[in-house]
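Reading through the structure tokens given below for one structure.
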Amino acid sequence: MLQSERAHQPLSEEELNMLEAFLASPEAPEECMNSLEMIDGFLTAIVIGPEVVPEHRWIKYMLDPENLRENLFNSPEDEAQITELLNRHVNAIDAQFENEPEGFLPIYEMFSYSEEEERQIAIEEWALGFILGMELCHEAWQPLFSDESTAMLAGPLFVLGKVTDDYDKMSQEEKDQMIDMLDESIIGIYAFWQQQAGEE
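Next comes the structure, spelled out in structure tokens:
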């Protein structure tokens, strides 16, 4: 396979496991986003958001949010491997929205979890990851929140990410409804920024 073709291949299950193993290992910075779900949420926000974020900036924010480390990786080999995996995952998300935004699924919908609680945590981490992606470009995201109807698109993210205290007051049925709304919310946010870009 040519390198250029490889760059557009979605990650295999084995490669996702490799990425997750790195995030959970002592090699990764302690403060890094340490689950595939959180990273998928974060990178989805980077891909569909209003601002082009340079690779070095989002990788730094993802792996070293507190800006504590001079080197993100312990070796050039780690850096090359992990950077390639992350870039390919970004490309796969980008291709999904470019070709078929209505078919978008967060990564937790592609996994099976042995416990319901485990799935709930995965959804929380995905939503939190997306919120962190918005925070990285805080100012650029403000137009989404300037109108109540578009601001509501982000509602499920803040509830499911437990940024607000609404989650604990909800019945399981209400939580499930919120989870069901999340995909549509993300597609709606994507459409909002596409429309904004078209008007510029």
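Residues 1 to 200 (full-length UniProt numbering) make up the sequence shown, in order. Virtual Cβ for every residue (Gly too), placed ideally from N, Cα, C.
Establish whether the CB of residue i and some CB of chain B are separated by less than 7 Å.
i: Leu23; result: Any reference to chain B falls outside this structure, which holds one protein chain only.
Give me the Cα-Cα distance between residue i and residue j, rounded to the nearest whole angstrom.
i: Glu15; j: Glu77; result: 15 Å
i: Met18; j: Pro10; result: 14 Å
i: Tyr61; j: Ser114; result: 31 Å
i: Glu20; j: Gln177; result: 29 Å
i: Glu139; j: Ser75; result: 34 Å
i: Ile107; j: Gln196; result: 27 Å
i: Arg69; j: Glu125; result: 24 Å
i: Ala92; j: Ile186; result: 16 Å
i: Glu148; j: Ala154; result: 10 Å
i: Ala28; j: Ser35; result: 12 Å
i: Ile46; j: Asp40; result: 10 Å
i: Phe130; j: Leu157; result: 8 Å
i: Met181; j: Glu79; result: 36 Å
i: Tyr190; j: Met134; result: 13 Å
i: Ala24; j: Ala122; result: 15 Å
i: Leu72; j: Val53; result: 18 Å
i: Ala151; j: Ile82; result: 34 Å
i: Glu100; j: Gly188; result: 13 Å
i: Gly198; j: Glu55; result: 24 Å
i: Glu51; j: Ser112; result: 33 Å
i: Gly161; j: Leu63; result: 20 Å
Got a sec, what are the start and stop residues for the alpha helix (DSSP H) residue i sits in?
i: Gly129; result: Glu116 to Leu136
i: Asp168; result: Segment: none, Asp168 is in no alpha helix (DSSP H) and carries neither H nor E.
i: Phe111; result: From DSSP, Phe111 is part of no alpha helix (DSSP H); its letter is neither H nor E.
i: Thr164; result: Where Thr164 is concerned, there is no enclosing alpha helix (DSSP H), given that its DSSP letter is neither H nor E.
i: Phe22; result: Glu13 to Ala24
i: Ala151; result: Glu148 to Ala151
Relative to the C-alpha of residue i, which candidate in the options has its C-alpha closest?
i: Glu174; options: Asp183, Ala191, Glu100 and Val159; result: Val159
i: Arg57; options: Gln81, Leu86 and Ala191; result: Leu86
i: Glu66; options: Glu184, Leu136, Phe192 and Lys162; result: Leu136
i: Glu184; options: Asp165, Gly103 and Ser146; result: Gly103
i: Leu144; options: Glu100, Gln194 and Leu128; result: Gln194
i: Glu116; options: Leu132, Glu100 and Gln172; result: Gln172
i: Cys32; options: Glu13, Glu51 and Ile59; result: Ile59
i: Glu37; options: Leu128, Asp64, Pro26 and Glu98; result: Leu128
Among residues of its own chain, excluding the 5 on either side of residue i, which ones have a beta-carbon nearer than 6 Å to its beta-carbon?
i: Tyr167; result: Val159
Give me, in chain order, the residues of the same chain whose beta-carbon lies closer than 7 Å to that of residue i; leave out the 5 immediate sequence neighbours on both sides.
i: His89; result: Leu11 and Leu43
i: Gln96; result: Gly103 and Phe104
i: Val163; result: Ile131
Using a Cβ-Cβ cut-off of 8 Å (strictly less than) and excluding sequence neighbours within five positions of residue i, which residues of its own chain qualify?
i: Gly49; result: Gly133, Met134, Cys137, Ala140, Trp141 and Trp193
Inset, instruction - Any chance you could list the alpha helix (DSSP H) runs of at least 4 consecutive residues sitting entirely within the region 45-100, in chain order? - result: 55-63 and 76-99
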